[in-house]
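Student: Be aware that the sequence shown starts at 3, since it is given in our numbering, and climbs by one per residue. The C-beta atom is built at its ideal place from N, Cα and C for all residues, glycine as well.
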Amino acid sequence: MKKLLSMIGVMTLIGSASTSVVACGGENPTPPTPDTRTDIEKKITSPIALGQLDENTKSDFLAKLQTALARITELNTITPSDYDVYKAGTTTAIQNSDIIAGNSLNIKIVAKGNKFEGNKDNIVVNYTQNDTRTDLTTIITTTNLDIIYVGQLEKPNKSQILDSIKVKNQSASTLNESDFDFEGNITSTSAKIIGNNDYRGEVSLNFTISMFKSVNTNGIKTNFRISNILKINNLIYVSTNDDNGTVYKSNGTDNFTEMTGTSRRIWSLATDKDGNIYAGSSNGTVYKSNGTDNFTEMTGTSTVILSLATDKDGNIYAGNYDGTVYKSNGTDNFTEMTGTSGAIWSLATDKDGNIYAGSSNGTVYKSNGTDNFTEMTGTSGVIQSLATDKDGNIYAGSSNGTVYKSNGTDNFTEMTGTSGVIQSLATDKDGNIYAGSSNGTVYKSNGTDNFTEMTGTSGVIQSLATDKDGNIYAGGTSKSKPSLYISEKLQ
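1. Check whether the Cβ atoms of Leu466 and Gly438 sit closer than 8 Å, and answer yes or no.
2. Roughly how many whole angstroms lie between the Cα atoms of Gly360 and Ser382?
3. Compare the C-alpha of Gly286 against each of Ser309, Leu55, Asp295 and Leu147 and name the closest.
4. Going by beta-carbon coordinates alone, are Val423 and Ser447 separated by less than 8 Å?
5. How many angstroms separate the CA atom of Ser190 from the CA atom of Ser330?
6. Using only the alpha-carbon positions, how far apart do Asp245 and Glu260 sit?
7. At what residues does the beta strand (DSSP E) containing Asp200 begin and finish?
8. Residue ranges of each beta strand (DSSP E) run of no fewer than 3 residues wholly in the segment 198–248, ordered along the chain?
9. Would DSSP call Thr505 helix, strand or coil?
10. Could you tell me which residues DSSP pairs with Lys368 in its beta bridges?
11. Restricting to Cα atoms, I'd like to know which of Asp352, Tyr367, Lys353 and Asn278 is closest to Gly344.
12. With a CB to CB cut of under 8 Å and the five nearest residues on each side skipped, what residues in its chain are close to Asn105?
13. Which complete beta strand (DSSP E) runs does the segment 244–300 hold, if anything under 3 residues is left out?
14. What are the boundary residues of the beta strand (DSSP E) that includes Lys483?
15. Which residue wins for smallest C-alpha separation from Ile101, given the options Lys60, Thr134, Ala95 and Thr92?
16. For Gly17, which residues of its own chain have a beta-carbon under 6 Å away from its beta-carbon, when the five flanking residues on both sides are left out?
17. Going by DSSP, what residue range makes up the alpha helix (DSSP H) through Lys45?
18. Thr140 lies in the alpha helix (DSSP H); which residues open and close that run?
19. State the Cα-Cα distance for the pair Lys494 and Gly203, rounded to the nearest angstrom.
20. Ends of the alpha helix (DSSP H) at Asp62?
21. Ordered along the chain, which non-local residues of its own chain (more than five positions away) have a Cβ less than 6 Å from that of Thr326?
22. Span of the alpha helix (DSSP H) holding Val169?
23. Put Asp391 into one of helix, strand or coil per three-state DSSP.
24. Taking buried to mean at least 16 other C-beta atoms within 10 Å of its own C-beta, is Pro49 buried or exposed?
25. Inspect the beta-carbon positions of Asn413 and Gly380 and report whether they are closer than 8 Å.
26. Quick one, are the C-beta atoms of Ala174 and Ile196 less than 8 Å apart?
27. Under 7 Å from any heavy atom of the ligand ZN, does the C-beta of Ser190 make it?
28. Looking only at DSSP bridge pairs, what is Thr351 linked to?
29. Alpha helix (DSSP H) containing Ile101: first to last residue?
30. Would you mind giving the Cβ-Cβ distance between Gly153 and Ser460, rounded to the nearest angstrom? I have them listed as a contact below 8 Å.
31. Using CA atoms only, rank isn't needed, just tell me which of Ile80, Ala389, Lys470 and Asn178 is closest to Asn198.
32. For a test of the three-state rule: what should DSSP assign to Cys26, helix, strand or coil?
33. Taking Cβ positions, are Gln464 and Ser161 nearer each other than 8 Å?
34. Can you tell me the Cα-Cα spacing of Val23 and Thr32, whole angstroms?
35. Within 10 angstroms of the Cβ of Asn243, are there 16 or more other Cβ atoms? Answer buried if so, exposed if not.
36. So is Ile474 buried or exposed if we call it buried at 16+ other beta carbons inside 10 Å?
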């Protein structure tokens, strides 16, 4: 019986176990582990601002990008090992050259590792480069450049402004023309420059232009004014109207040496087509130098020789204080011409061989190939200077401050813009006319009937000359000393 009950118990247990197995019906699958990684594409929703870089390098850019990313909500635990950075739309790593190319860069960030997922393309990253260039304001501290010599230019060029900057600012000694540009227009009084290359910033400059600059008069042994100037090739000849009667010569240097053979006040100088030089003296003599540094006397003239001129045929003309014009046709002797009166302060010839004489009686006389003069009309005052241009126009400068012009007729009309006593006139190869005044100013007319002032001279301008290169020379006196100026035709 006990044995039977034991068997029944075992069966019951087996039955229970079977019932349990049937009830399970098999093992359920384990649910997947949830993905807790943060999607960076959803978290980076706007441009990223890095501020100013400490260095304009890839490494500094990435360091500041990491800082900026860690400030974004839910990216605060991000580290550089959690992502890669590429140029936008590529798998190309960014380079230093990309950083220095501007102040904004489009990038792509691709997540990696088990903390972050996804990628974000075309992220705009803004930053400011660390500008290591030198600020112009730190090396140009003196912005008033005072006087800039410009020659015949109306305003200074880049080279002239740079030279003046360096004179006034020793710390700008290494500055080059390529290191700055101009902002806006350069005027005759101001300019604004902005940095280039290794320089940045901007500087406003002020200045005064001078069209003439002084030439040293070393060797001229007088305090009297320079009464005449000749420029022959690279040689400059000047005379002074002191009682020593000296003509000085400079061979392209700033030093003058005395020529010999003249005496008393030299009121006039002239040269002919062969390079001979003539000097008219207050002792009534015309002196001639034929290529040497010594003058010899010519004959046939008297009283004070106030003016000289030569023509294309080699004739020499001399005007004196008594109203006579003398002519020498290739010899060392002069003969009288007729038809003039008053003191003959000025003489000139034109391309056609006509000779003009300006008188203290206010008249300009003309001789057209004969030894007799006839009166022209339209002038007044003392005609102290005469000049002709390449087109055959005649100009007369008067003690009344007026320059008169005759364009092929025997009548003069007034030009405007001058004042003082017009003691000298000159023309250049371009047809410009220059007038030197007792008020210390040189005036210029460039094809019109009006003159404008040039700058840089002072005192009294008694003599003018031009050369084949278009340079202008002005002589006179300033501060009780002889003065000589040049205005170069600069580019």
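Tutor: Let's see:
1. yes
2. 10 Å
3. Ser309
4. no
5. 49 Å
6. 14 Å
7. Where Asp200 is concerned, there is no enclosing beta strand (DSSP E), given that its DSSP letter is neither H nor E.
8. 204–212, 228–234 and 237–242
9. Since the first and last residues shown for the chain are 3 and 493, residue 505 lies out of range.
10. Tyr358 and Thr376
11. Tyr367
12. Asn128, Tyr129, Thr130 and Gln131
13. 249–252, 268–273, 279–283 and 288–291
14. Lys483 to Ser489
15. Lys60
16. Here Gly17 scores only 43 on pLDDT, less than 50, and its place in the model should not be relied on; the value that follows carries that caveat. Cβ neighbours of Gly17 beyond the five flanking positions: none.
17. Ile42 to Lys45
18. Leu138 to Ile141
19. Outside the shown range of the chain, which is 3 to 493, sits residue 494, and nothing can be said about it.
20. Lys60 to Ala72
21. Glu338
22. Lys160 to Lys170
23. coil
24. exposed
25. yes
26. no
27. With respect to small molecules bound, the structure shown includes none, and the ligand ZN cannot be examined in it.
28. Ile357
29. Asn98 to Ile101
30. Incorrect: roughly 18 Å between the Cβ atoms, too far for contact.
31. Asn178
32. Bear in mind that a pLDDT of 43 at Cys26, under 50, signals an unreliable position, so the model cannot answer this.
33. no
34. Because Val23 sits at a pLDDT of 41, beneath the cut-off of 50, its placement in the model cannot be relied upon, and the point is left open.
35. buried
36. buried
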